[in-house]
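A.B. asks: My questions all concern the structure below.
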Ligand code: DX5
Ligand code: ZN
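Residue numbers (UniProt numbering): 1 to 216.
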């Protein structure tokens, strides 16, 4: 599945950008929420998620890069999130936060920074719907993919498969046409693409090229 990150979209034409992405055949819309505390950048909040909700029927994959995410869960649920992903580094009571999301009837995701080991999610993996592996340090679009992420994806995938859990592996950061195949081969179910997607003129052509790459 392909989830373009609107962080790299033209915000002046956001609804048009999302409609064009939808027409191009993407599977979900990735929305990066940053607070200037957990990450050194400030982006968007529930108001924009609500606006995006009105422009598309695609699932909204909301990535919370904020401290105290538990305080904002119901705001993002009300705004229309389908997946809500919190960072393990921001949750002292991760189990409670994950269940707080699930009890609101949406899918719960947990994300790991590049330097955070996989064993930090060992005790929660069977409760979540999505594991988001950051392949850059979160905060900005357009960074380079950290190569060691490939092994992390492989280990995460085999851990999930071995136990038979229904958890999607999502990879976020530096995903491009050139490395997409390798990342999928390593075990990614969802590729987040920000700059690689929105820097293209023709999203439909880009999706065709990407699907062709993933086939061969
Ligand atoms: C990074 C964000 C990403 C970002 C990806 O902190 O979580 O979703 O938008 O952008 P690219 O694909 O340009 O690395
Ligand atoms: Zn993201």
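Idealized CB from N, CA, C, for every residue including glycine. A quick note: this is a predicted structure, and the numbers were derived from the prediction, not measured.
Excluding sequence positions up to five away, which residues of its chain have a Cβ less than 8 Å from the Cβ of residue 199?
C.D. replies: Only 8 meet the Cβ criterion.
A.B. asks: Comparing the CB of residue 189 with every heavy atom of ligand 2, is any distance shorter than 6 Å?
C.D. replies: Answer for residue 189: no, Cβ out of range of ligand 2.
A.B. asks: What do you reckon, is the C-beta of residue 12 under 6 Å from a heavy atom of ligand 1?
C.D. replies: No - ligand 1 has no heavy atom lying nearer than 6 Å to the Cβ of residue 12.
A.B. asks: Hey, would you say the C-beta of residue 192 is under 6 Å away from at least one heavy atom of ligand 1?
C.D. replies: Yes - ligand 1 has a heavy atom lying nearer than 6 Å to the Cβ of residue 192.
A.B. asks: Just mark residue 119 as buried or exposed, buried being the case when its beta carbon has 16 or more other beta carbons within 10 Å.
C.D. replies: Exposed.
A.B. asks: Quick check on DSSP: helix, strand or coil for residue 97?
C.D. replies: Here residue 97 sits in helix by DSSP.
A.B. asks: Just the residues with CB closer than 5 Å to a heavy atom of ligand 2, in chain order, which are they?
C.D. replies: Working through the chain, the matches are 32, 63 and 172.
A.B. asks: Are residue 132 and residue 106 closer than 7 Å when you measure CB to CB?
C.D. replies: Contact flag unset, no.
A.B. asks: For residue 127, which residues of its own chain have a beta-carbon under 8 Å away from its beta-carbon, when the five flanking residues on both sides are left out?
C.D. replies: If we look at residue 127 and ignore the five residues flanking it on each side, its Cβ neighbours are 95, 98, 99, 102 and 108.
A.B. asks: For residue 238, collect the residues of the same chain with a Cβ closer than 6 Å to its Cβ; drop the 5 residues on either side in sequence, then sort them by chain order.
C.D. replies: Residue 238 is absent from the model: the chain starts at 1 and stops at 216.
A.B. asks: With DSSP as the reference, label residue 138 as helix, strand or coil.
C.D. replies: Residue 138: coil per DSSP, three-state reduction.
A.B. asks: Which same chain residues, not among the five before or five after residue 35, have their C-beta less than 6 Å away from its C-beta?
C.D. replies: Same-chain partners within the cutoff: 66.
A.B. asks: Is DSSP giving residue 106 helix, strand or coil here?
C.D. replies: It is coil, neither helix nor strand.
A.B. asks: By a C-beta neighbour count over all protein chains shown, 10 Å radius and 16 as the cutoff for buried, is residue 164 buried or exposed?
C.D. replies: That one is exposed.
A.B. asks: When the Cα of residue 64 is compared with those of 42, 55, 202 and 54, which residue comes out closest?
C.D. replies: Measuring from the Cα of residue 64, the nearest candidate turns out to be 42.
A.B. asks: May I ask you to verify whether the segment 108–117 touches the segment 69–78, counting CB pairs closer than 8 Å and requiring at least 3?
C.D. replies: The segment 108–117 vs the segment 69–78: no contact.
A.B. asks: When you measure from the CB of residue 139 to every non-hydrogen atom of ligand 1, does any distance come out below 6 Å?
C.D. replies: Yes, the Cβ of residue 139 comes within 6 Å of a heavy atom of ligand 1.
A.B. asks: CB-CB under 6 Å to residue 217, same chain, minus the five flanking residues each way: which ones, in chain order?
C.D. replies: Lying outside 1 to 216, the shown extent of the chain, residue 217 is not represented and no answer is given.
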